[in-house]
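Scroll down for the structure; my scribbles are underneath it.
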Amino acid sequence: GENVEQHPSTLSVQEGDSAVIKCTYSDSASNYFPWYKQELGKRPQLIIDIRSNVGEKKDQRIAVTLNKTAKHFSLHITETQPEDSAVYFCAARKTDKLIFGTGTRLQVFP
Amino acid sequence: NAGVTQTPKFQVLKTGQSMTLQCAQDMNHNSMYWYRQDPGMGLRLIYYSASEGTTDKGEVPNGYNVSRLNKREFSLRLESAAPSQTSVYFCASKAQTSTDTQYFGPGTRLTVL
């Protein structure tokens, strides 16, 4: 089955700096890779996603890149703000199931 | 639209007790999912239902049963709760179209003593 590894588990940055979170997946048949943000005590919410036929996708300050050959994808957040502080989860989909990474706790210090 | 709703929000059980977690969605989605979230473990899929009348096991199905009651509702049952089932449980749903977005409910925090 699919296995998704996510690094780092915690990440602290100064406000205005960039943050990068990386994930690797094992099943080359996976074709959809979403990123979810979960604030403390809240539900996970989709922030950006990418399909296997695309190498990069950007939405304002966040971007995701995908390297199918190496089977890894990354979340990039630029100009971080305190409200970006949360836990971020990557996931990989094969057929109708999402397999999630273990999460990255991002802290943005003012 | 309420989106995905879950009841109850909190529950405390004693070992061996049973209970059912309820999930409903009003977005006319075909697929529904149950996850558990534990510290450092991310979200792990327990069971899912790709359409009304079908259910399939996920990564961690042992100790759980599910029922897809109709298109709107998908329940998760613990027949004999164990302390290892202490967790936050999330339900999610997805449309059966080209969109892949899963929408999550607010979660149920379950403690088994």
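Chains H and V, in that order, are what the protein sequence lines are.
The first sequence begins at 14 in the numbering used here and counts up one residue at a time.
The second sequence begins at 24 in the numbering used here and counts up one residue at a time.
Note that CB positions come from ideal geometry on N, CA and C, so glycine has one too.
It should be emphasised that the depicted structure is a prediction, and the values quoted were computed from it without experimental measurement.
Query	Result
For my contact list, A115(V) and V27(V) are in at a C-beta cut-off of 8 Å; report their separation, rounded to the angstrom.	7 Å
Using the C-alpha atoms, what's the distance from T115(H) back to G63(V)?	6 Å
Determine, using beta carbons only, whether D123(V) comes closer than 7 Å to chain H.	yes
Going straight from the alpha carbon of S107(V) to that of Q40(V), what length do you get?	13 Å
Out of I69(V), T77(V), N51(V), which one is the CA nearest neighbour of L44(V)?	I69(V)
I want to see whether chain H comes within less than 7 Å of S137(V), judged by CB atoms only; does it?	The shown model of chain V, from 24 to 136, leaves out residue 137(V), and the question about it has no answer.
Using a beta-carbon distance cut-off of less than 9 Å, what residues from the region 56-75 of chain H approach chain V?	R56, P57, Q58, L59, D62, R64
For S22(H), count neighbouring C-beta atoms within 10 Å of its own C-beta (all shown protein chains included) and say buried if the count is 16 or more, exposed if not.	exposed
When DSSP builds the beta bridges, which residues end up paired with G65(V)?	D61(V)
Which parts of the region 86-120 of chain H are runs of the beta strand (DSSP E), unbroken and 3 residues or longer, counting only runs that do not cross its ends?	99-107, 110-113
What is the residue span of the beta strand (DSSP E) that N51(V) lies within?	Note, N51(V): premise wrong, no beta strand (DSSP E); not H, not E.
Against P47(H), what residues of chain V qualify as contacts under a CB-to-CB distance less than 9 Å, listed in chain order?	D123, T124, Q125
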